[in-house]
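Protein chains in written order, with my numbering: chain A, 6 to 294; chain B, 3 to 315.
What follows is a single structure, written as structure tokens, with notes after it.
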Amino acid sequence: MSGQAKAFRPEPGALTRWLILGIVGLVFLVPIVAMGEFTLRRGLEGGYDFSRWIAVFSGGLTGEYKGVLTALGNSVVLAIVTVAVMLVILVPTMILVQLRFPYLRRAMEFLCLLPITIPAIVLVVGLAPVYSVIAKMFGSGVWTLSFAYGIIVLPYAYRAIQANLSAIDVVTLSEAARSLGAGWLTVLVRVLLPNLRRGILSASFISVAVVLGEYTIAALLNRVNLQTALVIVSKSDPFVAVIFALLALVFAFFLLLAIGRVGAPRRSRREPAASITAPAAVTPTGASS
Amino acid sequence: MADTLVSVVAPLEGVEPAAVQARRPESSRRAAFTVPSFLGLVPFAAYILLFLGLPTAIALFTGFLDGTGSFSLTNIEALADPLIVSTFGNSIGLSALTAVIGSVVGAACCYALIGTNPTGLLRSVVDSASGVLAQFGGVMLAFAFVATIGIQGMVTVYLRDSLGINIFADGVWLYELPGLILPYIYFQVPLMIITFLPALEGLKPQWAEANASLGGSRATYWWRIGIPVLTPSFLGCLLLLFANAFSSFATAAALTSQGSQIVPLQIRSALTSETVLGRENLAGALALGMIVVMVIVMTLYSLLMKRSAKWQR
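Shown next, in the form of structure tokens:
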């Protein structure tokens, strides 16, 4: 559209670029700013102050926002258990498939990306009876929800770990270690896991972010987590709900920023971008991109 | 001579059995290993079966049961009920509208991001912000829009007090179907950025150079190379956005106080009250309907992605 001198570069001119990014960025900032503005309002007399923020944090665990803080605690427990489920069940299986059953890779990819096609709201219809059995076996502790959350984070976690797994030569590494006399446990713990640190870390962070933002399953199975508590609080005290929502969004933002940084030093861009791009992972060639 | 010959050969002879010996336990250990290594797949398989396979099967199967637990098609027939049909229509309409707007705006942002440093600050911030809004917002986005265009929202108040425009002159629409459009666009655009940007980065610089050396302009580049190559990915991302909106529940659940204008909300009321249209197990039939739509959309998506992958080798 502009001169021919730059014709062999598909990128936009600086003006076009900043015009588009500026307008979209500003529009997208409005709701976030509005959340901030909303929490600083001083009630009927108008004006702004930090009283609501102070009230939330001064009460501590015994204050009137105890419910939300307990729910936050529940969500943290869920995040930890979900990451544990992922580490114990998904990671060894992926390594095993990579090493021993390469012909199962496509099947594994299909399974791990399946939760994208099955909406959480559909899953929950079938999870209700499953969870009534689980409640009898393990009690109705909130942590049991992590089994369902493990499924929800599967596409994200798979994507992050697979990107890392494809980048290293697992077979050569483990054969080298085996020929030097290492047992399989040593190979796993001292050779493979350190090489997969980056992918595992990304997968864990993403899982934490997903679990902290999860609402559908907890709400319909009548469990209390951060999001369900926020919805309940918002009915009586919308200001507090917005404060916590704002904090959670900012926290998730920095968590993802950290993933980008974790992935950055080496093969710069693909890893972080791909790892939060679970849907793009449906691409058949996605695993090795 | 013979001695030296022997001494040369002897170690070789001695090595041979040792090598065979060394190889044998290795191979037998391998053979022994393959049996338990299959067992290594069991925990994952069992987990997937129990928490993905079983719930999905139950969700789909219950649609075929009536209140007493025997097989019937009445719930499936209920999918043809005008109320359900209009709910599916609402869901599909909302998803299509927000997918189209989201993909166009998102593609424009991706275009603007071409040529920026992938590890630079701008891209890190855009990536993270997109990730948060596209995938983890849910309930919190509903709050954001209540604070923005709610009855006391920042924008509502500003427009009312400063410009004299009342956006709710015809009634408060934020908590009904039209109110979902803006929040949905708010998570669709970031999802488009996340999914479409890799496709734009797959455009090879050689193509631009070839275009330039053959005397093509920027317009020729986009019309003859860029757009044709990117069309399958763009359509694929559009479908993905559709699927994303269609299956999304949290934002709508937190925003709409009453009524079930979209399918996920209707599943909720079917699950919690069991009195939608006076039928039990309707949730199962609705879930089946959703899955059918999702499978069609995602199959088309993967076909388009297969096609777009051609150019990315």
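No residue lacks a Cβ here, since even glycine has one placed at the ideal position from N, Cα and C.
If you look at E42 (chain A), you'll find it in the alpha helix (DSSP H) that goes A19 to L45. A direct Cα-Cα distance of roughly 10 Å separates L101 (chain A) from V176 (chain A). In this structure, G133 (chain B) places its C-beta atom within 9 Å of the C-beta atom of L261 (chain A). By the criterion of a C-beta distance shorter than 6 Å, A208 (chain A) is surrounded in its chain by A162, A165 and I166, once the five residues flanking it on both sides are discounted. Straight through space, the alpha carbons of P160 (chain A) and G188 (chain A) are spaced by roughly 31 Å.
Here the region 255 to 273 of chain B makes no contact with the region 118 to 133 of chain B; the two share fewer than three CB pairs at distances below 8 Å.
Close CB contacts of P234 (chain B) within its chain, under the 8 Å cut and outside five residues either way in sequence, are with L306, M307, R309 and S310 (chain order). Beta-bridge partners of L67 (chain B) (DSSP): B:F73. Assigned with DSSP and collapsed to three states, Y303 (chain B) falls in helix. At a cut-off of 9 Å between beta-carbon atoms, L197 (chain A) makes no contact with chain B. Proximity of chain B to T21 (chain A) at the Cβ level (cut-off 9 Å) is accounted for by Y113 and A114, in chain order. Contact annotation: in the region 193 to 221 of chain A, residues whose CB is within less than 9 Å of a CB in chain B are I211, A214, V215, L217, G218, E219, Y220 and T221.
Restricting attention to B:A201, B:Q154 and B:V148, the CA atom closest to the CA of L232 (chain B) is found in B:A201. When C-beta atoms of the region 115 to 123 of chain A are compared with those of the region 237 to 254 of chain A, fewer than three pairs fall below 8 Å, so the two segments do not count as touching. Burial state of I59 (chain A) is exposed, judged by a 10 Å Cβ sphere holding fewer than 16 other Cβ atoms.
Annotated three-state conformation of Y177 (chain B) is coil, per DSSP.
In this structure, DSSP gives Y53 (chain A) an extended state, which the three-state scheme calls strand.
Below 8 Å, too few C-beta pairs join the region 59 to 79 of chain B and the region 159 to 178 of chain B to call them touching: fewer than three. Close partners of R270 (chain B) in chain A (Cβ separation under 7 Å): L225. At least 9 Å separates the beta-carbon of G140 (chain B) from that of A247 (chain B). Straight-line spacing of the CA atoms in T87 (chain A) and L45 (chain A) works out to 35 Å. Within the region 158 to 181 of chain A, no residue has its Cβ closer than 7 Å to any Cβ of chain B. One finds Y49 and F53 in chain B with Cβ atoms closer than 9 Å to the Cβ of G155 (chain A), taken in chain order. For the 9 Å CB-CB criterion, A110 (chain B) and V130 (chain A) do not form a contact. Less than 9 Å separates the beta-carbon of V157 (chain B) from that of A39 (chain A).
Chain-order list of chain B residues neighbouring F258 (chain A): S130, A131 and V134, by C-beta distance under 7 Å. The C-beta of R105 (chain A) comes closer than 9 Å to at least one C-beta of chain B. In this structure, Y154 (chain A) sits near V90 (chain A), with a CB-CB distance shorter than 9 Å. With a 10 Å radius around the Cβ and a threshold of 16 neighbouring Cβ atoms, G218 (chain A) comes out buried. Taking a beta-carbon distance threshold of 9 Å, V35 (chain A) counts as an interface residue toward chain B.
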